[in-house]
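Residue numbers (the UniProt record's numbering), protein chains in the order written: chain A, 1 to 163; chain B, 1 to 389. Report on the following structure.
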């Protein structure tokens with residue numbers, strides 16, 4: 001199914017295997033948008049099956065979907081591509097629930113998909129914006145670990161920002 | 001189960017880097033890790049610095065001559081597009097009176113009877129040794145070369161202040177504060193051409209690429225003080241056709257002149273890019289007419305006399321110093337590479353807004369590290385209530 005190991009063409013296919021055994025067959029040009037896979041391809045060269053024990057199939061599929069979209073759009077030389085990508089990115093993150101967003105971000109980070117990490121972290125940031133401290137803690141399930149009085153002290157010194 | 005608290009520090013830092021400063025101050029109280037990230041020098045100096053330097057805040061400090069409890073302090077963050085009401089500065093030792101109180105990048109300052117400074121968003125005055133020439137309404141530059149605890153303050157022009165008398169004839173030496181020796185160094189005064197008006201009421205100044213530019217708002221004289229050589233350049237005239245009055249502003253990578261201009265169709269507010277070598281100008285933007293007129297509503301010929309303009313980074317703020325419409329303002333953003341200018345109205349100040357005798361206005365970048373980790377407040381500072389009017 002894959003082309004011979006010595007020739008690298010845009011149609012070369014890679015097999016990616018997720019932690020739960022689900023496999024994906026993707027074009028090399030798409031998969032190498034992920035830094036981690038790009039490194040593996042360069043280092044191992046002939047290896048066509050790549051195992052990814054830290055990502056499960058659901059999220060690997062989503063990451064690859066994003067890569068495919070961006071790889072395709074980038075091959076066209078049309079100027080409007082930036083706009084298309086932006087619009088598509090917006091759609092991509094719009095309805096992500098928090099659980100999916102978290103695991104997708106972990107997957108993108110593990111696979112060194114820098115652009116996707118940027119997109120997802122910006123989405124997380126948008127969930128912090130405009131929220132009160134208590135609401136942020138609740139959203140992200142973070143417990144305050146300040147000593148008694150410490151938090152109040154920071155707050156008191158910069159009370160203008162809390163109004 | 002979602003465990004965002006399990007994210008690596010790098011990812012958390014990346015997430016926080018997208019947020020505006022006021023949100024980050026709130027975020028710093030979420031947990032110790034977030035506080036450590038937000039208040040770290042590296043977060044302030046690398047992660048978010050470029051963004052914050054492009055988007056300086058606009059400060060407006062209103063002074064009431066007779067009742068200091070009517071003073072108010074406001075700051076506008078262009079990224080969150082919000083005004084914040086700041087606590088007014090304590091005044092026990094340093095009663096800010098209108099003519100010796102001013103603001104410059106990063107600081108509020110008083111120049112007489114003592115020279116004192118307080119970091120913006122902090123409330124602690126620190127006093128330096130007195131100026132050799134105590135003065136009111138000088139021009140002031142802040143030269144922050146890196147991460148010194150205290151920068152160099154550059155004091156130029158102004159009017160001599162002896163006791164309660166002023167001497168308008170005196171050409172005052174340039175004084176530069178040396179934080180290492182905690183003393184003031186004296187240098188040649190403003191060129192004599194500026195004698196007719198050597199105070200901040202008729203001059204504007206801009207610190208740009210190691211030179212302190214002084215520009216006559218009405219006279220159009222311009223000269224610059226070389227901060228390394230300590231000499232003034234030859235005085236030149238910078239007068240685009242039709243200009244009525246204008247301000248010189250140091251933006252990120254260019255000098256900009258901004259002012260009211262008489263055109264065949266009526267008065268307009270223009271921006272010109274200035275070539276600092278030749279003092280040649282080229283127009284880069286004209287404020288939309290409806291925006292300009294929304295800041296002023298009288299039909300008087302001199303209605304624009306209360307227009308003021310300050311800028312830094314990529315932003316130029318234009319506003320009306322008169323109480324009449326509660327100090328309305330707009331801002332122009334100069335796009336980085338393209339130089340494309342876009343204008344927008346700044347939201348109204350948060351009510352209630354008192355009526356002031358004078359407003360001190362300036363642009364400043366804001367450093368999270370300084371806000372959260374900066375020097376502790378002076379002990380001898382009394383709260384505002386201690387002030388008797």
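Even glycine gets a Cβ: it sits at the ideal position worked out from N, Cα and C.
- A residue is called buried when at least 16 other Cβ atoms come within 10 angstroms of its Cβ; residue 352(B) does not meet this threshold and is exposed.
- Residue contact with chain A for residue 196(B): absent (no Cβ-Cβ distance below 8 Å to any residue of chain A).
- Shown here, residue 44(B) sits in a helix according to DSSP, grouped into three states.
- Residue 371(B) and residue 119(B) have their C-alpha atoms roughly 9 Å apart.
- For the set 106(B), 128(B), 124(B) and 107(B), the Cα lying nearest the Cα of residue 113(B) is the one of 128(B).
- In the structure shown, residue 162(B) adopts extended strand secondary structure according to DSSP, grouped into three states.
- Note on geometry: alpha-carbon atoms of residue 136(A) and residue 5(B) lie some 11 Å from one another.
- In this model, residue 281(B) and residue 220(B) are separated by some 13 Å (Cα to Cα).
- Scanning its chain for C-beta atoms nearer than 8 Å, with the 5 sequence neighbours on each side dropped, one finds around residue 209(B) the residues 276, in chain order.
- Note: residue 139(B) is bridge-paired with 156(B) in the DSSP secondary-structure output.
- In terms of beta-carbon proximity, residue 48(A) stays away from the interface with chain B, with every pair separated by 8 Å or more.
- When Cβ-Cβ separations below 8 Å define contact, residue 25(B) makes contact with chain A.
- Put simply, of 78(B), 153(B), 270(B) and 171(B) the residue whose alpha carbon is nearest the alpha carbon of residue 52(B) is 78(B).
- Residue range 49–54 is occupied by the alpha helix (DSSP H) that includes residue 49(B).
- Each residue's CA atom was taken as its position, placing residue 284(B) and residue 102(A) some 45 Å apart.
- At a cut-off of 8 Å between C-beta atoms, residue 371(B) counts as an interface residue with respect to chain A.
- Its chain contains 137 and 151 as the residues whose beta carbon lies nearer than 7 Å to that of residue 144(A), once the 5 sequence neighbours on both sides are disregarded; these appear in chain order.
- Contact check for residue 176(B) against residue 194(B) fails: the beta carbons are separated by 8 Å or more.
- By DSSP's assignment, residue 217(B) forms no beta bridge with any residue.
- Unbroken beta strand (DSSP E) stretches of 3 residues or longer found wholly inside the region 299–357 of chain B: 307–312, 315–320, 329–334 and 341–345, given in chain order.
- Taking 8 Å as the threshold, the shortest C-beta distance from residue 158(A) to chain B falls below it.
- Counting along the chain, the unbroken beta strand (DSSP E) around residue 260(B) starts and ends at 255–263.
- For residue 131(A), no alpha helix (DSSP H) encloses it, and the DSSP letter there is neither H nor E.
- Among the bridge pairs identified by DSSP, residue 50(A) is matched with 16(A).
- Counting the other Cβ atoms within 10 Å of the Cβ of residue 344(B) gives fewer than 16, which makes it exposed.
- Residue-level contact by beta carbon fails for residue 37(A) and chain B, as no gap is shorter than 8 Å.
- Close to residue 107(A), with beta-carbon spacing below 9 Å, lies no residue of chain B; the smallest spacing is near 12 Å.
- Here residue 11(B) is near residue 121(A), since their CB atoms are less than 8 Å apart.
- Contact check between the region 13–29 of chain A and the region 52–62 of chain A: three or more CB pairs, one atom from each, fall below 8 Å, which counts as touching.
- Closest option to residue 130(B), judged by alpha-carbon separation, among 88(B), 115(B) and 144(B): 115(B).
- DSSP, read as helix, strand or coil, puts residue 66(A) in helix.
- In the pairwise beta carbon analysis, the region 296–306 of chain B is classified as not touching the region 227–236 of chain B: fewer than three pairs are separated by under 8 Å.
- Residue-level contact by beta carbon holds for residue 151(A) and chain B, with a gap shorter than 8 Å.
- The C-beta separation of residue 64(A) from residue 24(A) comes to about 6 Å, placing the pair in contact by the 8 Å criterion.
- Contact between residue 23(B) and residue 154(A) does not hold, since the beta-carbon distance rounds to 14 Å and is not under 8 Å.
- Pairing residue 212(B) with residue 203(B) gives a Cβ-Cβ distance that is not under 8 Å.
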